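Engineer: Can you read through this structure? Questions will come right after.
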Amino acid sequence: MMKKKSVSARKASLVLFLCQMISALDVPLDSKLLEELSQPPTITQQSPKDYIVDPRENIVIQCEAKGKPPPSFSWTRNGTHFDIDKDAQVTMKPNSGTLVVNIMNGGKAEAYEGVYQCTARNERGAAVSNNIVIRPSRSPLWTKEKLEPNHVREGDSLVLHCRPPVGLPPPIIFWMDNAFQRLPQSERVSQGLNGDLYFSNVQPEDTREDYICYARFNHTQTIQQKQPISVKVFSMDSLNDTIAANLSDTDIFGAKPVTERQPVLLTPTGSTSTKVELRGNVLLLECIAAGLPTPVIRWIKEGGELPANRTFFENFKKTLKIIDVSEADSGNYKCIARNRLGSAHHVISVTVKAAPYWITAPRNLVLSPGEDGTLICRANGNPKPNISWLANGVPIAIAPEDPSRKVDGDTIIFSHVQERSSAVYQCNASNEYGYLLANAFVNVLAEPPRILTPANKLYQVIADSPALLDCAYFGSPKPEIEWFKGVKGSILRGNEYVFHDNGTLEIPVAQKDSTGTYTCVARNELGKIQNEVHLEVKDPTMIIKQPEYKVIQRYGQASFECVIKHDSTLLPTIIWLKDNAELPDDERFLVGKDNLTIMNVTDKDDGTYTCIVNTTLDSVSASAVLTVVARPNPPFDLELTGQLERSVELSWIPGDENNSPITNFVIEYEDGLHEPGVWHYQTEVPGTQTTVQLKLSPYVNYSFRVIAVNEIGRSPPSEPSEQYLTKSANPDENPSNVQGIGSEPDNLVITWESLKGFQSNGPGLQYKVSWRQKDVDDEWTSVIVANVSKYIVSGTPTFVPYEIKVQALNDLGYAPEPSEVIGHSGEDLPMVAPGNVQVHVINSTLAKVHWDTVPLKTVRGHLQGYKVYYWKVQSLSRRSRRHVEKKILTFRGNKTFGMLPGLEPYSSYKLNVRVVNGKGEGPASPDKVFKTPEGVPSSPSFLRITNPTLDSLTLEWGSPTHPNGVLTSYILKFQPINNTHELGPLVEIRIPANESSLILKNLNYSTRYKFYFNAQTSVGSGSQITEEAITIMDEGKMAMASRQVDIATQGWFIGLMCAVALLILILLIVCFIRRNKGGKYPVKEKEDAHADPEIQPMKEDDGTFGEYSDAEDHKPLKKGSRTPSDRTVKKEDSDDSLVDYGEGVNGQFNEDGSFIGQYSGKKEKEPAEGNESSEAPSPVNAMNSFV
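Under the working numbering, read the sequence shown as residues 867 to 2053, first letter to last.
Here it is in structure tokens:
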């Protein structure tokens, strides 16, 4: 058996013809099907039971019904047949049972009063309407009456009666004056439910002559007016005056003004009353009381509570209103009227009755032949209603017999019905308060199966969601439904499917493999039919990059991403919401393909932003919160309390923190007395604190302001607080940074930092300056000054210590005793030079100088150190003199030696030493002469190779710029380089120092040579320079080659040469690329493989042999390297100047004499180690190397 499940209202349309039917056989609302099926009549529209009509308009009595075949209509009036054909004023609408009584063409509405009932009939039965009572509305005039004026004593109660004419329906009552203005109502004056106007007590202002009651008849849209009523209120004083004038001195009413009275009920009267109301209606209970002062009304229910949510008080609590009453609302309701003199009460006993109401109304039955069924009619009411049945409008007791039908009180039981059992049954439930009439048909049908779902309908669902495949069907008897998948698939069974009663197949969790064609088969004993539908399962839409929480500063830019993934066959749409509403209509909001950007964010942009992605099949969303932060708003409402001489309490209210918590408050103050307009930092407190106790200084006119600080920044300052001027007092402190320094040898300059204005503590700020010579039994000398921060004492001895103090005072007195400081009078130049100056030469570039310190008394100031002046007199290798440039080294403190670095070798120097104090330098010591030993020379100034022949080359050179001693010789080394850039054997030649050229003979023709050249002193060899040159080609061999067969004109040779040239070009390109990439040069590789220690260049610093360098000036040999056209190697000259040390002009030493200065002269650029050309390669020479 298939698993079946009840059908939800959303998933299937399984309702009967009248939309409210449950039966053994369900008839779908298919228009084509309904046109074909036979159906008993059903009343679809009718006039109300109590139908009040306007006598001036046509009367329309509605009666509409449906059925198959269409029903015919008839009417009864007052229980007898109403023949409309005999009344010219009455017509029936075509294809309808609605009657139209023509009143506007002469008919009288009163003539058509009565009880009408409509019957709709076809071959399958008859349905009847309710009894419709037709009554014309009435709005009679007020009867003429003479109304006497009402004379009322002030404080008495009064009732003005309305008594409107009886109308149909009853009129609406209201009171107005002659100007058609509603009369004001209150707890004292109000209108009752019967229309009367009640005064709990009258006042003189109630006197008027136009109290008019109006009755409005809504049906006829007319208003009737009663004659105006006059009310005159007189007071006790005026009444006594009138009586006294007529009755002499007799005082009848006494001297009391208005007499107060306890409450008395005006309506209802008595202590108890009863009220009957019908279930579902509105219950209105009223209590109006007289009394002075005006009573207040209160309502209670005895033995219970007033019903919540249904109880209302109207008319100033004088009316209790309970809506939708039920039997539970029956009981005793007490109203209590109370003023300060007492109370009155009234109990209303309420009984709730009920006209009949449905418990189970009969429902239409659609049965197949041979089936069973029941009609149930259950109603309730108070008193309990009587149930009676009719068949096709006839009491069932006298209706034609039907053997399949049995009546059992409120139920009719049908057994084994046949097509002739079709009929319409009426259930009537009635009691003394009304009746209910319901039609329900029994329709017996025999129909083969029909499938109402369109063929080949396509269903699309998202993977992992339910799929509902419809198979709406009809048949009688009810068909059985089976489902198949695919053309030849087997019947679907199992827990993965749910089969609904309406034929729908549910796949609770559809997967991609659920896609396919499904077949629905419906069969009963009268036939069989099938239908195919198709299912497509789509990939779900997903948000793969969701918007994220953002904290953005005000006026910044916020961006939310919403990147999606979806089925390729679905077209998604992206909608952005802010706080679940549309985005603001603002050009700052930029919606992109997968993002939302908000420019210049403001505080109103705070909120939750949601990205919603919709397709035709699914919808997904993701949200993120945007928090806009900013600097806090300024605090406000600054208040000063607890003012004391030296303190005050400041409080404030923080401004908006703008979504970033306030971390602290900064308090600033302004001194309006001394520095108006200038704000100073006072203190700061945590952000949770809004009060602070501030310490104050005397004689300051304070104003305070507060600045709030959060992570974003500082708020604007608050508005200033009120000003607070503190009292004057003695100064609390003395000037700071007191110093005594002489500017001349015979004075003492005393300086200090003046006190700020708020530090003066009072008017008349001055300074008492005191001094005396230290270690001398002198008295203090003092002077009082104002508005200055310096005082000069003249006529002092040179550089002697003084005790100094500066004390503040004002008009109220002195500050505390100040502390003393030590100063000195002015310095003078030192008197003597250092003695016993000695020089120890350490090497050719470094010397150490010694001296004896001078006596401190002769320094005549603060000893700062010693200066060594030294200069080069001449070079010992060259007798020519040059410009003398003195160097200076300063040595701090009381030192007795120093190091002189950066000296030139083989030179003569002089030096002297001077002592230094704050005033300047003392006299110089006698010049001391010393000499530096020899060193290694610099490289020769140039190397030029000229006059190349077949087997010789001429070399010319220049002597070293810095010989650094006596040259002993030159060393020349050279070696050949073959076509593969391999180096040949190295040849070394020693050349006398006085030579400047050399002719090398017995060389190989057309051969490249590399030369290495340097100079020597007795100390060792100097830096070398390198150069390359080529001997010329043998002309005889060239002529012999020309006499040979000229194969250059042969085609094969031309092709071979072109191929060779192309290979050479490729090889050249490869070589250049390798060089640019920093690879090793082949010559260097060969030299690494066949290194000869004797031909390796020597490192200059340690004398050890090095290897070829990749430095810029000495790159390895390559194809195309060549000698410059003038065969000259240019040397980059540089002068090794003295390295200046010390602090003075040129350099300094540490206290221990170690060198800490920086070499300041031009450093000679030494040639790098290795054998390389200093020129760029030439393509011409590169080609020569391949010859």
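C-beta: ideal position from N, C-alpha, C; glycine also.
If you're wondering where the values come from, they're calculated on a predicted model, not measured in any experiment.
Between Thr1381 and Leu1358, is the Cβ-Cβ spacing less than 8 Å?
Structural biologist: For the purposes of this step, residue 1381 is taken as residue 515 along the sequence shown, with counting starting at 1. For the purposes of this step, residue 1358 is taken as residue 492 along the sequence shown, with counting starting at 1. No, they are not a contact pair.
Engineer: Given that a residue counts as buried once 16 or more other Cβ atoms are within 10 Å of its Cβ, and exposed if not, what is Pro1520?
Structural biologist: Within the sequence shown, the letter at position 654 stands for residue 1520. Buried: at least 16 other Cβ atoms inside 10 Å.
Engineer: Is it the case that the Cβ atoms of Tyr1772 and Gly1801 are separated by a distance below 8 Å?
Structural biologist: The sequence position of residue 1772 within the sequence shown is 906, counting from 1. The sequence position of residue 1801 within the sequence shown is 935, counting from 1. Yes.
Engineer: Under a three-way DSSP split, which group does Ser2020 fall into?
Structural biologist: Residue mapping note: residue 2020 aligns to position 1154 of the sequence shown, counting from 1. Since pLDDT at Ser2020 reaches only 36, below the 50 mark, its modelled position is unreliable, and the value read off the structure follows with that caveat. It is coil, neither helix nor strand.
Engineer: Could you compute how far the alpha carbon of Thr1463 sits from the alpha carbon of Leu1492?
Structural biologist: By 1-based counting over the sequence shown, the position of residue 1463 is 597. By 1-based counting over the sequence shown, the position of residue 1492 is 626. Each residue's alpha carbon lies about 12 Å from the other.
Engineer: Mark Tyr2056 as exposed unless 16 or more other C-beta atoms lie within 10 angstroms of its C-beta, in which case mark it buried.
Structural biologist: There is simply no residue 2056 to check, as the chain begins at 867 and stops at 2053 in what is shown.
Engineer: Pick out the complete beta strand (DSSP E) segments inside the stretch 1707 to 1744, 3 residues or longer, and give them in chain order.
Structural biologist: Runs found: 1712 to 1718 and 1729 to 1741.
Engineer: Report yes if the C-beta distance between Ser962 and Glu930 is below 8 Å; otherwise report no.
Structural biologist: In the sequence shown, the residue the question calls residue 962 occupies position 96. In the sequence shown, the residue the question calls residue 930 occupies position 64. The answer is yes: Cβ separation under 8 Å.
Engineer: With 16 other CB atoms within 10 Å as the buried threshold, where does Tyr1547 fall?
Structural biologist: Here the question's residue 1547 lines up with position 681 in the sequence shown. Flag for Tyr1547 reads exposed.
Engineer: Compute the distance between the beta-carbons of Gly1628 and Pro1527, then report whether it is under 8 Å.
Structural biologist: Counting from 1 along the sequence shown, the entry for residue 1628 is found at position 762. Counting from 1 along the sequence shown, the entry for residue 1527 is found at position 661. No, the Cβ-Cβ distance between Gly1628 and Pro1527 is not below 8 Å.
Engineer: Taking one C-beta from the stretch 1698 to 1712 and one from the stretch 1633 to 1640 each time, how about it: are there three or more such pairs within less than 8 Å?
Structural biologist: No, they do not touch.
Engineer: Return the bridge partner residues of Gln1419 from the DSSP annotation.
Structural biologist: To locate residue 1419, count along the sequence shown from 1; it is residue 553. Answer is Val1495.
Engineer: Keeping to the same chain, check which residues put their C-beta closer than 8 Å to that of Gly1136; ignore five residues upstream and five downstream.
Structural biologist: Start at 1 with the first residue of the sequence shown, and residue 1136 comes out as number 270. Counting only Cβ-Cβ distances below 8 Å, and skipping sequence neighbours, we find His1212.
Engineer: So, at 6 Å on beta carbons, what are the nonlocal neighbours of Glu1180 in its own chain, with the 5 sequence-adjacent residues on each side left out?
Structural biologist: Looking up residue 1180 in the sequence shown gives position 314. Closer than 6 Å at Cβ, skipping near neighbours: Lys1187.
Engineer: Kindly identify the DSSP beta-bridge partner or partners of His1400.
Structural biologist: Taking the first residue of the sequence shown as position 1, residue 1400 is located at position 534. According to DSSP, which records beta bridges pairwise, His1400 is partnered with Leu1324 and Thr1383.
Engineer: Among the candidates Lys1785, Leu1506 and Ser1584, whose CA atom is the shortest distance from the CA of Glu1693?
Structural biologist: Locating residue 1693 in the sequence shown gives position 827, where the first residue counts as 1. Taking only the C-alpha atoms, the option nearest Glu1693 is Lys1785.
Engineer: Is the stretch 1301 to 1308 in contact with the stretch 1280 to 1292, if contact means three or more CB pairs nearer than 8 Å?
Structural biologist: In short, these stretches touch, since the Cβ pair count reaches three.
Engineer: Going by the CB atoms, is the gap between Ser1691 and Gly1608 shorter than 8 Å?
Structural biologist: Numbered from 1 along the sequence shown, position 742 holds the residue referred to as residue 1608. Numbered from 1 along the sequence shown, position 825 holds the residue referred to as residue 1691. Contact flag set, yes.
Engineer: Out of curiosity, what's the CA-to-CA distance linking Ile927 and Gln912?
Structural biologist: Within the sequence shown, numbered from 1, the residue matching residue 927 stands at position 61. Within the sequence shown, numbered from 1, the residue matching residue 912 stands at position 46. Answer to the nearest angstrom: the Cα atoms are 7 Å apart.
Engineer: Let me confirm a value: Lys1092 is counted as buried when at least 16 other C-beta atoms fall within 10 Å, else exposed. Which label applies?
Structural biologist: One-based indexing of the sequence shown puts residue 1092 at position 226. So Lys1092 counts as buried.
Engineer: By DSSP's criteria, Lys1200 is part of a beta bridge. Which residues make up the other side?
Structural biologist: Walking along the sequence shown from the start, residue 1200 turns up at place 334. Paired residue(s): Ile1166 and Val1213.
Engineer: Closer than 7 Å by C-beta to Pro1345: which residues in its own chain qualify, once you throw out the five before and the five after it? Chain order, please.
Structural biologist: On the sequence shown, position 479 is the one that residue 1345 refers to. Counting only Cβ-Cβ distances below 7 Å, and skipping sequence neighbours, we find Pro1315, Tyr1339, Ala1388, Arg1389 and Asn1390.
Engineer: Among the candidates Asp1460, Trp1041, Lys1839 and Asp1076, whose CA atom is the shortest distance from the CA of Asp1062?
Structural biologist: Sequence index remark: in the sequence shown, residue 1062 carries index 196 (1-based). That would be Trp1041, whose Cα lies nearest to the Cα of Asp1062.
Engineer: Could you check the C-alpha separation between Gly1543 and Asp1537 for me, to the nearest Å?
Structural biologist: As a first step, residue 1543 must be located in the sequence shown, where it is residue number 677. As a first step, residue 1537 must be located in the sequence shown, where it is residue number 671. Taking the straight line joining both Cα atoms gives about 8 Å.
Engineer: Kindly list the residues whose CB is nearer than 6 Å to the CB of Pro1667, restricted to its own chain and excluding five residues on each side of it in sequence; keep chain order.
Structural biologist: Within the sequence shown, numbered from 1, the residue matching residue 1667 stands at position 801. Within the same chain, Pro1667 has close Cβ partners Lys1640, Ile1688 and His1690.
Engineer: Give the straight-line distance between the Cα atoms of Thr1383 and Lys1323, rounded to the nearest whole angstrom.
Structural biologist: One-based indexing of the sequence shown puts residue 1383 at position 517. One-based indexing of the sequence shown puts residue 1323 at position 457. Cα to Cα, the separation comes out at about 10 Å.
Engineer: For Met1408, which residues does DSSP report across the bridge?
Structural biologist: Start at 1 with the first residue of the sequence shown, and residue 1408 comes out as number 542. DSSP lists Lys1431 as partners of Met1408.
Engineer: Express the C-alpha separation of Glu1427 and Thr807 in angstroms, rounding to a whole number.
Structural biologist: Here the chain has residues from 867 to 2053 only, and residue 807 is not among them.
Engineer: May I have the straight-line CA-CA distance separating Ser917 from Val966, to the nearest angstrom?
Structural biologist: The residue given as residue 917 occupies position 51 in the sequence shown. The residue given as residue 966 occupies position 100 in the sequence shown. Correcting the residue identity first, residue 917 is Tyr in this sequence and not Ser. Computed Cα separation, rounded: 14 Å.
Engineer: With burial defined as no fewer than 16 other Cβ atoms inside 10 Å of the residue's Cβ, what is the status of Phe1119: buried or exposed?
Structural biologist: The count along the sequence shown starts at 1 and reaches residue 1119 at position 253. With a pLDDT of 42 at Phe1119, under the threshold of 50, the predicted position of this residue should be treated as unreliable, though the coordinate-derived value follows. Classification for Phe1119: exposed.
Engineer: Measuring straight from C-alpha to C-alpha, what distance separates Ile1478 and Lys1459?
Structural biologist: Here residue 1478 corresponds to residue number 612 of the sequence shown, with the count starting at 1. Here residue 1459 corresponds to residue number 593 of the sequence shown, with the count starting at 1. Cα-Cα distance, rounded: 13 Å.
Engineer: To the nearest angstrom, how far is it from the Cα of Asn2016 to the Cα of Ala1699?
Structural biologist: On the sequence shown, residue 2016 is found 1150 positions in, with the first residue counted as 1. On the sequence shown, residue 1699 is found 833 positions in, with the first residue counted as 1. Unreliable placement is indicated for Asn2016, whose pLDDT of 41 sits below 50; no coordinate value is reported for it.
Engineer: Does DSSP put Tyr1301 in a helix, a strand or coil?
Structural biologist: Residue 1301 sits at position 435 when you count from the first residue of the sequence shown. DSSP places Tyr1301 in strand when its eight states are reduced to three.
Engineer: Which term fits Cys1432, buried or exposed, when burial requires 16 or more other beta carbons within 10 angstroms of its beta carbon?
Structural biologist: In the sequence shown, counting from the first residue as 1, residue 1432 sits at position 566. First, the amino acid is wrong: residue 1432 is His here, not Cys. It is buried - the Cβ of His1432 has at least 16 other Cβ atoms within 10 Å.
Engineer: Taking only the alpha-carbon atoms, compute the straight-line gap between Ala954 and Asn1258 and give it to the nearest angstrom.
Structural biologist: Position 88 of the sequence shown holds residue 954. Position 392 of the sequence shown holds residue 1258. For Ala954 and Asn1258, the distance between alpha carbons rounds to 29 Å.
Engineer: Assuming Val1130 and Ala1210 are in contact, meaning their beta carbons sit under 8 Å apart, how far apart are those beta carbons, in whole angstroms?
Structural biologist: Counting from 1 along the sequence shown, the entry for residue 1130 is found at position 264. Counting from 1 along the sequence shown, the entry for residue 1210 is found at position 344. The pair is a contact, with the Cβ atoms about 6 Å apart (cut-off 8 Å).
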